[in-house]
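What follows is a set of notes on a single structure, which appears directly below.
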Amino acid sequence: MKPSLYALALLLSACAGTHGADTDVTDSDTVFQTPGPDPEPDDAVKPDDAAKPDSEMPDSELPDSELPDSEMPDSELPDSEMPDSEMPDSEMPDSEMPDSELPDSASDQDDTEPATDSEPCTAMLIINEIDYDMDGSDSAEFIELYNPGPCAVSLDGLSLALVNGNDMAEYARFPLNGGTATEVAAGGYLVLAGPDAIVPAGIPVLPLPANTIQNGPDGVALLAQDRDGLMDAFCYEAPMTAVALEGRDGTFNLLSGTLAEAKDNATSVRSLARMPDGTRTGNDLTDWAITTPTPGATNLLPAP
Ligand SMILES: [Ca+2]
Ligand SMILES: [Ca+2]
Ligand SMILES: [Ca+2]
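Counting in this note's numbering, the sequence shown runs from 177 upward without gaps.
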């Protein structure tokens, strides 16, 4: 029994010690409450989670922000730049540059090409020389027309009108295709020639009866059927600024600039001629001179 009692005493003491351990356990409980600090770790976990999210967030955000940044800027910049560069590029080159250039270049080319093509080849003849007076019967009269352009000029629809300086009215007209030619070659001549006028062989001639061209003051006008204005004109011995032409409304000016001083007469062999061929500056005073007649040939410079 004693041992049993002793053992019981030991058990009681052991229980008391265990109870003391309970306090420790309580301490340990407190320690467990330290795991109560586990809530702190929880909080810490939240921070951890926050930190993790921070690291992840930064990771995801950084990549996201970076990706979006790189992508956004890339996609946006390229997008904004692409549209900008494309819009300006597409608009500048497509709409503006090509449009403005194409129209400009096209219009310029169109203007230039037709102009260069049409101007040199536009039907143009010039009244180049006239001999209206001579000794005796005026059977060697002539009016020389000259083609200054690089292309042949058709005579269809062209005519020469003779205008009377007394009444400023037309007194004769000759269709230019009624002679030996239908066109005048580039740099060539057509001569409306009296029966005794000497024209080189091969030069187109439109025959005129003797005494056809009135001695001045009178004038001549070159007309084209498809033109309202005159192709060329010349008046001699008096200005003729308002003449009437058959089939045309209004009046026409045969004078260019100042009246030419050159006059023909019956006492010397002479003619009035543009000097040199085709000279037409808009001033008859300087464009015309007295020279030796050259019907159908290059006008001769006046003797010094
Ligand atoms: Ca005459
Ligand atoms: Ca003469
Ligand atoms: Ca001549």
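Glycine is no exception: its CB is placed at the ideal position from the N, C-alpha and C atoms.
Pair every Cβ in the region 334 to 350 with every Cβ in the region 393 to 406, then say whether three or more of these pairs are closer than 8 Å. Touching, yes, given that three or more Cβ pairs across the two stretches are closer than 8 Å.
How about Ser-315: is its Cβ closer than 7 Å to a heavy atom in ligand 2? Counting from one through the sequence shown, the residue named residue 315 turns up at place 139. No, Cβ of Ser-315 sits at least 7 Å from all heavy atoms of ligand 2.
Short of 7 Å in beta carbon distance, which residues of its chain neighbour Thr-455, apart from the five on each side in sequence? Order them along the chain. Counting from 1 along the sequence shown, the entry for residue 455 is found at position 279. Cβ neighbours of Thr-455 within its own chain (closer than 7 Å, five residues either side excluded): Asp-463.
Is any heavy atom of ligand 2 found at a distance shorter than 7 Å from the C-beta of Arg-446? On the sequence shown, residue 446 is found 270 positions in, with the first residue counted as 1. Relative to ligand 2, the beta carbon of Arg-446 is positioned inside 7 Å of a heavy atom.
Does DSSP classify Thr-462 as helix, strand or coil? As a first step, residue 462 must be located in the sequence shown, where it is residue number 286. In the structure shown, Thr-462 falls within a helical segment according to DSSP collapsed to helix, strand and coil.
What would DSSP say about Gly-378, mapped onto helix, strand or coil? Here the question's residue 378 lines up with position 202 in the sequence shown. Gly-378 sits in coil when the DSSP states are folded into three classes, being neither helix nor strand.
Hey, is Gly-378's beta-carbon within less than 8 Å of any beta-carbon in chain B? Included in the structure is just one protein chain, with no chain B present.
Buried versus exposed, by CB contacts within 10 Å (16 or more), Leu-477: Position 301 of the sequence shown, counting from 1, holds the residue named residue 477. By the 10 Å Cβ count, Leu-477 comes out exposed.
Given Ile-303 as reference, the closest of Glu-317, Asn-459 and Asp-453 once Cα atoms are compared: Locating residue 303 in the sequence shown gives position 127, counting from the first residue. For Ile-303, the nearest C-alpha among the options comes from Asp-453.
Tell me whether Thr-470 counts as near ligand 3, meaning its Cβ is closer than 7 Å to at least one heavy atom of that ligand. Your numbering for residue 470 matches position 294 in the sequence shown. Yes; taking the cut-off as 7 Å, the Cβ of Thr-470 has a heavy atom of ligand 3 nearer than that.
Minimum C-alpha distance to Ser-330 - residue among Met-416, Thr-467, Ala-449 and Ala-400: For the purposes of this step, residue 330 is taken as the residue at position 154 of the sequence shown. With distances taken between Cα atoms, Ser-330 lies closest to Ala-400.
Taking DSSP's pairing of strands, which residues face Arg-349 in a bridge? Locating residue 349 in the sequence shown gives position 173, where the first residue counts as 1. In the DSSP output, where bridge partners are listed per residue, Arg-349 has Ala-337.
For Thr-141, which residues in the same chain have their Cβ closer than 8 Å to its Cβ, ignoring the five residues on either side in sequence? Shown here, the chain extends from 177 to 480; a query on residue 141 therefore has no answer.
Beta-carbon gap between Met-300 and Pro-324 smaller than 8 Å: For this step, residue 300 is matched to residue 124 along the sequence shown. For this step, residue 324 is matched to residue 148 along the sequence shown. Result yes, Cβ atoms of Met-300 and Pro-324 sit closer than 8 Å.
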